[in-house]
Amino acid sequence: MIMGKEIDELLQQAELIYVHQSKFTEEDWHSTLHTHYFTEVMYVLSGKGSFIVDGKEQAIKAHDIVVVNPYVRHTEKSSGEFPLWYIVIGVSNIRFIKQNREESHYIFRDVLEEMVPLLKLIIGEINEKAQGYSAVLQRLAEVVLVKVLRSNDFSLIEIENKNISKDSAIIKDFIDQHYKENLTLDILSKRLHLDKYYMIHIFKENFAETPMNYMIQKRLENARELLISTDYSIGQIAEIAGFASQSYFNQAFKKDMGCSPNQYRKRQSITG
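If you read the sequence shown in numbering that gives the first Met the number 0, its first letter stands for residue 0, the second for the next number, and so on.
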């Protein structure tokens, strides 16, 4: 890790992985813990919810910024009445420290609304995808990062990230965001503008499984959490987690866990 480099030099070495927006309803919001090998900066545009890390929940609301350093297991949970809407920037090769102390994450309240016009430009570029939009997003993301650094007395340090390809990270993030939807390899290919055979190869090379197998594991992970934490029926959980039918969910669950969803729920209620 190198401490003495200027911010502009570090930003030149940083690689933008993605910029996207997320907005959820009460029905959608059953999140699962996940990690990234890169840093995330999230700006809450509207709504209320909580950020969950290290087993603790911290409230977040409009105009809060959450900075999550690499390899931190985390998730977000939204208010049903006031759904979260946020923009998140994923950037590799750097991590944030504050006053020479490195934390897993940082939350800053009521950030200056001067950020809002920048974020509206980002949303416009994401939605329109006009010619050169990736280059525009790169520059706008750099401006947002510098604004965050200036307003919160941050420093940047360089890190050597795990050697994961950018395309693999984009595929993984897309699945993390959309695994509950009716995703097929062809849909994934069309949405990400990547050849499907290339996607299988590069994802398996980086994560030792195919994109579709990863998606099923995400759905099963979500289903296990719902079986423990809710009293939803098996059919409801299958639908929420993204399975096409309850019978397919039962089959996939038994193959993965060696027992049915009902048996799993009963065992967890006994041990819990």
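Note that the Cβ used here is the ideal one computed from N, Cα and C, for glycine as well.
These numbers come from a predicted model, not from an experiment.
Backbone CA spacing between residue i and residue j [nearest angstrom]
i: Leu144; j: Phe37; result: 14 Å
i: Glu8; j: Glu141; result: 12 Å
i: Val90; j: Glu14; result: 6 Å
i: Glu112; j: Tyr231; result: 40 Å
i: Ile199; j: Ile174; result: 13 Å
i: Ala129; j: His192; result: 14 Å
i: Phe153; j: Leu219; result: 38 Å
i: Gly131; j: Val115; result: 22 Å
i: Gln235; j: Tyr247; result: 13 Å
i: Ala134; j: Thr229; result: 44 Å
i: Met2; j: Val52; result: Low confidence applies here, because Met2 scores a pLDDT of 44, under 50, leaving its location unreliable and the question unanswered by this model.
i: Gly79; j: Asn212; result: 30 Å
i: Leu10; j: Phe242; result: 41 Å
i: Glu127; j: Ile269; result: 51 Å
i: Lys146; j: Tyr197; result: 37 Å
Own chain, CB closer than 8 Å to residue i, minus 5 neighbours either side, in chain order
i: His19; result: Ile86, Val87, Ile125, Asp172, Gln176
i: Asn68; result: Thr38, Arg94, Phe95, Glu101, Glu102, Ser103, His104
i: Ile139; result: First, the residue type needs correcting, since residue 139 is Leu and not Ile in the sequence shown. So the list reads Val18, Leu117, Leu120, Ile121, Glu124, once near-sequence residues are dropped.
i: Arg266; result: Cys258
i: Val56; result: Correcting the residue type first, residue 56 is Glu in the shown sequence and not Val. Excluding residues within five positions, the ones whose Cβ falls inside 8 Å are Ser49, Phe50, Lys76.
i: Ile158; result: Met0, Pro69, Asn92, Ile93, Arg94
i: Glu208; result: Phe202, Gln216
Residue environment, residue i, which counts as buried when at least 16 other CB atoms sit within 10 Å
i: Asp109; result: exposed
i: Ala237; result: buried
i: Val43; result: buried
i: Lys40; result: The residue you asked about is not Lys; residue 40 is Val in the sequence shown. So Val40 counts as buried.
i: Ala240; result: buried
i: Ala222; result: buried
i: Arg264; result: buried
i: Ala251; result: buried
i: Ser77; result: buried
Which listed residue (the options) has its alpha carbon closest to that of residue i
i: Val65; options: Leu148, Ile156, Asn181, Asn261; result: Leu148
i: Lys217; options: Tyr247, His192, Lys179; result: Lys179
i: Glu204; options: Ser167, Asn221, Val40, Met41; result: Ser167
i: Gly54; options: Met41, His73, Thr34; result: His73
i: Glu75; options: Ser21, Arg190, Ser150, Glu157; result: Ser21
Cβ shell of residue i (< 6 Å), same chain only, five flanking positions each side left out
i: Ser45; result: Ala61, Trp84
i: Phe81; result: Gly46, Lys47
i: Gln12; result: Asn92
i: Asn99; result: none
Beta-carbon gap between residue i and residue j smaller than 8 Å
i: Lys195; j: Leu184; result: yes
i: Phe50; j: Ile106; result: yes
i: Lys165; j: Ile59; result: no
i: Ile227; j: Phe202; result: no
i: Thr34; j: Val71; result: yes
i: Leu225; j: Pro210; result: no
i: Lys189; j: Asn151; result: no
i: Ile6; j: Leu155; result: yes
Residues near residue i by beta carbon distance below 7 Å, same chain, minus five either side
i: Ile233; result: Gln245, Pro260, Asn261
i: Ile163; result: Tyr36, Asn205
i: Asn249; result: Ser259, Pro260
i: Met214; result: Ile174, Tyr178, Leu182
i: Asp255; result: Leu219
i: Lys253; result: Ser259
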